[in-house]
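Enquirer: Here it is: the structure, laid out below.
Protein chains: 2
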Amino acid sequence: MSGLTEIRAAANQAAVTRMLATDPVLVDVVPALHALPGMTTHTILTSGAPLAWSEYQGGQRRAILGAALYEGLAATTEEADALLAAGEIVVKPCHDHACVGSVTGVTSASMPVWVVEDRATGTRGHCVLYEGSDRERLTYGVWNATVRQKLLWIREVLGPQLSAALRICGGVSVSPIIRRALGMGDDLHSRNTAASAVLFQQLFDPILEANGLTSKTREVLAFLSRNDLFFLHAAMATGKCIADSAFDVTGSTIVTAMALSEKEFAIRTAGTGSRWFRAPIPPLRARLFAGLRDEDTAFMGGESLITETVGLGGLAAAAAFSLQDYSGGSADEMVKITKSMYQITNSVHPLWKIPYLGFKGVPFGIDAAKVASTGVAPRVHMGAALREGGHAGAGLLIPPTEPFREAAEMVDRLTTEVIGGRRRVPSA
Amino acid sequence: MSGLTEIRAAANQAAVTRMLATDPVLVDVVPALHALPGMTTHTILTSGAPLAWSEYQGGQRRAILGAALYEGLAATTEEADALLAAGEIVVKPCHDHACVGSVTGVTSASMPVWVVEDRATGTRGHCVLYEGSDRERLTYGVWNATVRQKLLWIREVLGPQLSAALRICGGVSVSPIIRRALGMGDDLHSRNTAASAVLFQQLFDPILEANGLTSKTREVLAFLSRNDLFFLHAAMATGKCIADSAFDVTGSTIVTAMALSEKEFAIRTAGTGSRWFRAPIPPLRARLFAGLRDEDTAFMGGESLITETVGLGGLAAAAAFSLQDYSGGSADEMVKITKSMYQITNSVHPLWKIPYLGFKGVPFGIDAAKVASTGVAPRVHMGAALREGGHAGAGLLIPPTEPFREAAEMVDRLTTEVIGGRRRVPSA
């Protein structure tokens, strides 16, 4: 076992070193079809470990059907359902296409996605653009004429203007924005108020330079300056870019993805590649918008947990005391949450620091083996969704530890096979 | 004495109620000559309780001479000195002209000033525009061709564009910006990073609408988006607007001004009007920029302490943990600082809240009598200046308590005279 422990330590060090060496840059905004590996016109990506089409029954189902109509793949919901059942429209997990999705995570061919690239390695992460703060969004399982109109505006106006701006300025480095935002009360998951403001300070001039001052440009600038969560999807694409740099590191128990479908919580580790370790979703301790009750809410997926996967969100709770009513209940509790996260992480981030903790770096690199041995689960900040569609509030999710234990055991089993010479490369 | 205590309590309540009722709005940016009551072409305002011209010997002297040249009141420094000595150019304290100044605080006729107004009462506060982050500034006692060029740009480009923007959008309400910024790590004195970003989100569109997209407009937008302290002078004008609402409240020991000249710390209280209570300046515990030593620095005045006067800056230390290296040394110490400030204040602000303290309002309304009785002085965040001119760092100032004790005694003496029928209205 000692050999195994040493191999795991070295592998985890290698995985985290790769993740920390990543220098994510917002390089472009491009339709998913052109940006995502393996994407097709008839593919619809969604959040979480994959389910059979018939198992999607709530918000994810509604959003996938909506995306089929939005893309013109079917004329009616019934037709879309039949095509999905027949496999002529294919549902795939975002994570298998260098992508992450918010809530339902539905991503279809013509939707513009952030392209975040580590230029040294070419590793890329992607995520659709934030849909705005309206309660009704495809993200939250709603499809109607208003949602369609907003998606068209994002596709025809916002996406192209951002693309032109990023190309004219040569890209925007994300890590300094995250560093700055952590010093301004963001956790970069439930709260992106500062990061959105800082990104706006950097993007307004390239947007004006690339697109001129037209009424469309003023719409874009107004949208960016008024949506405090706008940066979240850029943070998510960044998280995917960082996590995928450690996608396949033999022997490592470092978590490379945490994701939710309507029905399951699931994780991946560096040592197990694309294999999912699944468990039922635990309750979300959420503070809901006025007038809503717990029974009004429902899970409909979500991959914004990629921010926790790279040390942000719940792991950085002590940076974001403004979220206390949604997460933890008090500043002291948020400090305790972050402190407990150092028990289950491999490292601290050298640049992303928490002022309250004397500028200690955020806990970075969740180690599934440490989660298994301590019984301490990563703390996740996340949004709550209305059962019938829409944004309901935000809260704290404490995932089950079983998938972490299973993953760690699988990593060790694969490593033992390698040591024993029974395998050269662990299958994923 | 019981009568006196009750009168003081009622008067302090009245003073703080007036201050808290103030709703400060950035309404315009106007040359000082047109904005400030009592301003003339030959008046130069400066920080602190007034000194004789001959007593200004350091940075304030250099900045006042520079302003005389800048305004074309003299052709040479020698001529300016002679005119100042002869009283043909008059030096006055900013505070007597509804104005506050940063560091040297030098404010002359053609310099554009923020106009912050409480529309219900017409009370106004003013402050020159932030000069930019170059180490050499008139604010910090430097006068040369580069400083002159920047001041001309502020006068000819920045001021008029901001004026046009504020007039086209009908003004910008300040209190919500301060509320938001306190939740984003600002103390609104040494740190205005968030407030500057939020103000930019609100001003960019009116600036574009009023001025069009020209190269000058892009200069203005770049200046606003890159200067994290830009909001400070708006916060100072806001503080003056709020504090002056309690300028003359008989019997009140609430502090309405704290200010520094090169040589003295001085305060005013609501019950003593424009009278200054003075003391020598204590040492500033500062963290200096790399390579500088304490002996390289010098006091050259400052009235940004108006932010502490309205519950911000050092009083709101627990909102701004990013400043710990400059002020207090640790987050715990900053929490202790803010907690101690509730001992010497009359109230808590109902809107300006500190997330770490469970969203408790900032300590508001410094009571000179409480400072005298507890011996606890207000904690002041402030910038350090280079002896030869320029910005040197930032730190924590703990003023002497004597002026507070003297002011409180004077308030009581004046009140006693009123009670005794010897006076109707206390002279100031």
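As they're listed, the protein sequences go chains Z and D. Here our numbering is used: the first residue of the first sequence is 32, the next is one more, and so on. Here our numbering is used: the first residue of the second sequence is 32, the next is one more, and so on. By construction, the Cβ of each residue, glycine as well, lies at the ideal position given by its N, Cα and C atoms. Bear in mind that the values here come from a model prediction, so they are computed numbers and not experimental data.
Short check: CB of Arg-186 (chain D) to CB of Pro-143 (chain D), under 8 Å?
Expert: Against a cut-off of 8 Å, the Cβ pair of Pro-143 (chain D) and Arg-186 (chain D) comes out as a contact.
Enquirer: Tell me which residues of the stretch 246 to 258 of chain Z have at least one Cβ-Cβ distance to chain D shorter than 8 Å, keeping chain order.
Expert: Listed by position, the residues of the stretch 246 to 258 of chain Z near chain D (Cβ gap below 8 Å) are Arg-249, Leu-252, Ala-253, Ser-256 and Arg-257.
Enquirer: For the 8 Å Cβ check, are there 3 or more pairs between the stretch 242 to 252 of chain D and the stretch 261 to 276 of chain D?
Expert: At 8 Å Cβ cutoff, the stretches do not touch.
Enquirer: Does Val-393 (chain D) have its Cβ less than 8 Å from a Cβ in chain Z?
Expert: So no, Val-393 (chain D) is outside the interface.
Enquirer: At a CB-CB cut-off below 7 Å, which residues of chain D make contact with Met-215 (chain Z)?
Expert: Correct list: Met-215, Gly-216, Thr-224 and Ala-225.
Enquirer: Considering only residues of the stretch 422 to 452 of chain D, which uninterrupted beta strand (DSSP E) runs meet the minimum length of 3 residues and lie entirely inside it, listed in chain order?
Expert: The stretch 422 to 452 of chain D contains these whole beta strand (DSSP E) runs: 422 to 428.
Enquirer: If I'm right that Ala-439 (chain Z) touches Ala-408 (chain Z) with Cβ under 8 Å, what's the distance once you round it to whole angstroms?
Expert: At roughly 13 Å, the Cβ-Cβ gap does not stay under 8 Å, so Ala-439 (chain Z) and Ala-408 (chain Z) are not in contact.
Enquirer: What does Phe-352 (chain D) touch in chain A if you count any residue whose Cβ is under 7 Å from its own?
Expert: The structure shown contains no chain A; the protein chains it does contain are Z and D.
Enquirer: Say whether chain Z places a C-beta atom closer than 8 Å to the C-beta of Gln-232 (chain D).
Expert: It does; some Cβ of chain Z falls within 8 Å.
Enquirer: Enumerated in chain order, which unbroken segments of the beta strand (DSSP E) with a length of 3 residues or greater are wholly contained in the stretch 257 to 322 of chain Z?
Expert: Listed in chain order, they are 286 to 291, 295 to 300, 308 to 311 and 315 to 319.
Enquirer: With 8 Å as the C-beta to C-beta threshold (strictly closer), list the residues of the stretch 357 to 387 of chain Z near chain D in chain order.
Expert: So the close ones are Ser-361, Ala-362, Pro-386 and Tyr-387.
Enquirer: I'd like to know if Met-32 (chain Z) contacts chain D, where contact means its C-beta is closer than 8 Å to some C-beta of that chain.
Expert: Summary for Met-32 (chain Z): the model assigns pLDDT 49, below 50, so the residue's position carries little reliability; its value from the coordinates is reported in the next sentence. Met-32 (chain Z) does not count as touching chain D.
Enquirer: How close, in whole Å, do the beta carbons of Arg-299 (chain D) and Thr-281 (chain D) come, if the pair is a contact with beta carbons under 8 Å?
Expert: Arg-299 (chain D) to Thr-281 (chain D), Cβ: 14 Å. No contact.
Enquirer: Can you find the residues in the same chain that come closer than 8 Å, C-beta to C-beta, to Arg-436 (chain Z), ignoring five residues on each side of it along the sequence?
Expert: Excluding sequence neighbours, Arg-436 (chain Z) sits near Ala-399, Val-402 and Ala-403.
Enquirer: Express the C-alpha separation of Thr-303 (chain D) and Glu-448 (chain D) in angstroms, rounding to a whole number.
Expert: Going by the C-alpha atoms only, they are around 13 Å apart.
Enquirer: Quick one: what does DSSP say Val-407 (chain D) is sitting in, helix, strand or coil?
Expert: Coil, per DSSP.
Enquirer: Below 7 Å on C-beta distance, what does Asp-165 (chain D) contact in chain Z?
Expert: Simply none; closest approach about 19 Å.
Enquirer: In whole angstroms, give me the CA-to-CA distance for Leu-291 (chain D) and Gly-426 (chain D).
Expert: Distance between the alpha carbons of Leu-291 (chain D) and Gly-426 (chain D): 15 Å.
Enquirer: Going by the DSSP bridge assignment, what does Lys-123 (chain D) pair with across the sheet?
Expert: Note: Lys-123 (chain D) sits in a beta bridge opposite D:Leu-76.
Enquirer: Please report whether the beta-carbon of Val-229 (chain D) lies at a distance below 8 Å from any beta-carbon of chain Z.
Expert: Yes, its Cβ sits closer than 8 Å to a Cβ of chain Z.
Enquirer: What are the boundary residues of the alpha helix (DSSP H) that includes His-65 (chain D)?
Expert: 63 to 66 is the span of the alpha helix (DSSP H), which, as asked, contains His-65 (chain D).
Enquirer: Comparing alpha-carbon positions, which option in Z:Gln-91, Z:Met-50 and Z:Ser-141 lies nearest Glu-102 (chain Z)?
Expert: Comparing Cα-Cα distances from Glu-102 (chain Z) to each of Z:Gln-91, Z:Met-50 and Z:Ser-141, the minimum goes to Z:Ser-141.
Enquirer: Taking only beta-carbon atoms, is Phe-261 (chain Z) less than 8 Å away from chain D?
Expert: No - not a single Cβ of chain D is within 8 Å of the one on Phe-261 (chain Z).
Enquirer: Between the Cα of Gly-466 (chain D) and those of D:Ala-297, D:Ala-329 and D:Ile-397, spot the shortest distance and give me the residue it belongs to.
Expert: Nothing can be reported for residue 466 (chain D), as the shown portion of chain D is limited to 32 through 459.
Enquirer: Please confirm if Leu-17 (chain Z) has its CB atom under 8 Å from at least one CB of chain D.
Expert: Only positions 32 to 459 of chain Z appear in this structure, which leaves residue 17 (chain Z) out of reach.
Enquirer: Residues of chain D with CB closer than 8 Å to the CB of Phe-235 (chain Z), please, in chain order.
Expert: Those are Phe-235, Leu-252 and Ser-256, listed as they occur along chain D.
Enquirer: Ala-129 (chain D): which of D:Glu-110, D:Trp-145, D:Ser-139 and D:Gly-156 sits nearest, CA to CA?
Expert: Taking only the C-alpha atoms, the option nearest Ala-129 (chain D) is D:Gly-156.
Enquirer: Where does Asp-314 (chain Z) land, buried or exposed, given buried means 16+ other C-beta within 10 angstroms?
Expert: The displayed chain sequence assigns Pro, not Asp, to residue 314 (chain Z). Pro-314 (chain Z) is exposed by the Cβ-count criterion.
Enquirer: Of the residues D:Gly-332, D:Leu-234 and D:Asp-279, which one's Cα is nearest the Cα of Arg-306 (chain D)?
Expert: Looking at the Cα atoms, D:Asp-279 is the closest of the given residues.
Enquirer: So which of Z:Ala-116, Z:Val-134 and Z:Gly-360 has the shortest CA-CA distance to Val-173 (chain Z)?
Expert: Minimum Cα distance to Val-173 (chain Z) is reached at Z:Val-134.
Enquirer: Alpha helix (DSSP H) containing Leu-115 (chain Z): first to last residue?
Expert: Note, Leu-115 (chain Z): alpha helix (DSSP H), 108 to 116.
Enquirer: Can you pull the chain D neighbours of Gln-88 (chain Z), defined as C-beta to C-beta under 9 Å?
Expert: Those do not exist, as Gln-88 (chain Z) stays about 39 Å from chain D at its closest Cβ, beyond 9 Å.
Enquirer: Are there three or more Cβ pairs, one per stretch, closer than 8 Å when the stretch 185 to 205 of chain Z is compared with the stretch 114 to 128 of chain Z?
Expert: Touching, no, given that fewer than three Cβ pairs across the two stretches are closer than 8 Å.
Enquirer: According to DSSP, is Asp-218 (chain D) helix, strand or coil?
Expert: Residue state, collapsed to three classes: coil.
Enquirer: Please name the residue in D:Ser-164, D:Gln-180, D:Ser-206 and D:Leu-169 whose C-alpha comes closest to that of Val-147 (chain D).
Expert: Per the Cα distances, D:Ser-206.
Enquirer: Measuring straight from C-alpha to C-alpha, what distance separates Arg-444 (chain Z) and Thr-432 (chain Z)?
Expert: Each residue's alpha carbon lies about 19 Å from the other.
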